[in-house]
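Chains as they are written, first to last, in my numbering: chain D, 9 to 211; chain S, 9 to 211; chain R, 2 to 253. Ideal Cβ placement from N, Cα and C applies to all residues, glycine included. Below you'll find the structure, written out as structure tokens, and then a few comments.
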């Protein structure tokens, strides 16, 4: 394999795996390759994708290079997304989401401590659904993942930012309305989470 | 653009946008194309990626097709994107999972019997991780829970379906081990009570 | 890339331990001694930096199960003694059964190893994590159907409070221990006054478990100091505590 082909492979893998734009400078440093070579390879790759009419494109955006689906196929992707099945969240997932929303950034151990149970699977499922994401690492805790909520979460509740979350202090334990809410929330768990045909588990 | 090249582009876009394995049947329905054509195109695409030494690969996993990075680039990805989940399963969890995978649907007692130890906690943890689920109840055994593996299990272990599990017979202890077990574990004979100085044992 | 971690060998059950022992030496079930199990255990503890209670209790379970198997081998075949699958078997049959179970276990242990290897290699391939592109977000199913922001807040407030209560209780236990000395005094007085008493008479009906435990400890301590005698007619029967005239009975 030529050096150039090799560089292309690494770049593709990095772009594919990253969930944010990848700066050429960062890749250059990582691979110990001149930045110019990386930038040239990225440009070449973008051209190659366009020429070969791939289903995705490589674009340079603010902050680096990023893969996107080709706009020509967006109508089909829309249909695909619409066909995703609607499975509501389990009580366990809702609890974890509530804890992450109010205590972010929070480590998994933090969520475990508050919920009193292991929340590994639940957090993974919330990440898959785009409601929770990794927002950083705690260097003092062996680079433990810190979780926070996503843009999707904010949009779903019509929040501009996290400061708009209702303060927890408003929620006194025994007010009647809150009990009603509690009842409703606990009613959400139930047989709809029974899996069918080996489907993805919700929590 | 040929029809085939066009199909390739759409497939790439759909695969790229999906956060789970995409069944060929689903794509066929979405695009109103015969399923055979879709399956053939997906196979061809997988081969093309491999031949061209792309940074990503297309694999058939858990009843669908999904893009993954090429394993050769794992070390670099690990450095750039720290978020990789390095969760491992304990030996106990792997053992219980193996029993469930091969004997499903299986009761907890079935898992206990093979492992020689209570597996309740391990099974609960495998359920929490979404690898194992309740697939039914055994009416002849007082409605005992029957366990089976999930689609997450297939994904996590890169299996198309359960038939891809290597046959259990492959894991039979080799002749040497078997003989050693048979020979070395000598007969349990009748009771022999010999007191030995200060030894707690009763043999 | 992989963390340097010393992996101590932990047995996953009696079969695992038996396999290990069989792998090292010729083994007669009757020869597995408690001292040997204890040695194995101590060896593992030494190799562990911190005592992991889970491991410790797992090991005890292993030891207990092995002893059960051992007991089955040792006990004369009394008709009324039932030990599940091992009863009604000749020694040769019991051995054959154990061998078959060990072989079956070994097979799954091998399969588990293959799964581990598979998982390891799968871990080197990464699916896309970026999630759906922004313009498709609105089309995603509403996983939070019926969930309000207020509902989430209530959930979180509840969970926080539950944890606070738990922490408070933990502190309460730590800061207000039940005094062993006080209970010893109380038991001693009661028994000295009445001459004898049964265990259940030493605390009120419905007493907290920790009070019962401390009362029991108090009895053991008094017995050790020679202040009382203890009798128990049957297994799990009522414990009788009898007063002994001590030379230093200075409190009555």
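Listed as beta-bridge partners of residue 64(S) by DSSP are 77(S).
Rounded to whole angstroms, the Cβ separation of residue 138(S) and residue 129(D) is 5 Å, and the two are in contact under 8 Å. Burial check for residue 231(R): the Cβ neighbour count within 10 Å stays below 16, so the residue is exposed.
In the assembly as shown, residue 65(S) is a buried residue. Its beta-carbon has 16 or more other beta-carbons within 10 Å. Residue range 152–157 is occupied by the beta strand (DSSP E) that includes residue 153(S). Residue-level contact check: residue 43(D) does not touch chain S, since none of the beta carbons of chain S fall below 9 Å from its beta carbon. Residues of chain R with a Cβ closer than 8 Å to the Cβ of residue 73(D) do not exist; the shortest Cβ-Cβ separation is about 13 Å.
Under the 9 Å criterion on CB atoms, residue 231(R) is classed as non-interfacial with respect to chain D. Between residue 46(D) and residue 33(D), the C-beta spacing is below 9 Å. Here residue 17(R) is buried, its C-beta having at least 16 other C-beta atoms within 10 Å. For the C-beta of residue 117(R), the chain S residues within less than 9 Å are, from N- to C-terminus, 96, 97, 99 and 102. The Cβ of residue 78(D) sits no closer than 9 Å to any Cβ of chain R.
The alpha-carbon of residue 48(S) is positioned some 38 Å away from that of residue 108(R).
Scanning chain R for C-beta atoms nearer than 7 Å to the C-beta of residue 137(D) yields 144, reported in chain order. When rounded, the separation of the alpha-carbon atoms in residue 166(D) and residue 85(D) is 25 Å.
Collapsing the DSSP output to three states places residue 96(S) in coil. For residue 184(R), the uninterrupted alpha helix (DSSP H) run begins and ends at 181–195, by DSSP. For the stretch 97–154 of chain S, the continuous beta strand (DSSP E) assignments of 3+ residues that do not extend past its boundaries occur at 140–146, in sequence order. Short of 8 Å from the beta carbon of residue 169(S), and not among the five residues preceding or following it, lie these beta carbons of its own chain, in chain order: 70, 71 and 162. DSSP places residue 44(S) within a helical segment (H, G or I) once states are collapsed to three. With distances taken between CA atoms, residue 80(D) lies nearest to 17(S) out of 171(S), 17(S), 105(S) and 182(S). In the DSSP assignment, residue 232(R) forms a beta bridge with 241(R). Beta-bridge pairing by DSSP links residue 198(R) to 242(R). Interface annotation, residue 111(D): not in contact with chain S, CB-CB separation never under 9 Å. Interface annotation, residue 241(R): not in contact with chain D, CB-CB separation never under 9 Å. Annotation for residue 224(R): the continuous alpha helix (DSSP H) segment containing it runs 210–225. When secondary structure is reduced to three states using DSSP, residue 128(R) falls in the strand class.
About 10 Å separates the Cβ atoms of residue 19(D) and residue 41(D), ruling out a contact at the 8 Å cut-off.
Cβ contact annotation for residue 199(R) (same chain, cutoff 8 Å, sequence separation greater than five): 239, 240, 241 and 242, in chain order. Going by C-alpha positions, residue 127(R) is about 10 Å away from residue 74(S). Counting C-beta pairs closer than 8 Å gives three or more between the stretch 139–158 of chain D and the stretch 102–112 of chain D, which meets the contact rule. Using beta-carbon distances, residue 120(R) does not count as an interface residue toward chain D, since no partner is under 9 Å.
The beta carbon of residue 152(R) sits closer than 9 Å to some beta carbon of chain D. Shown in chain order are the members of the stretch 20–45 of chain D whose Cβ falls below 8 Å from a Cβ of chain S: 20, 21, 22, 23, 24, 25, 26, 27, 30, 34, 35, 38 and 39.
Shown here, residue 18(S) sits in a helix according to DSSP, grouped into three states.
DSSP, read as helix, strand or coil, puts residue 184(S) in helix.
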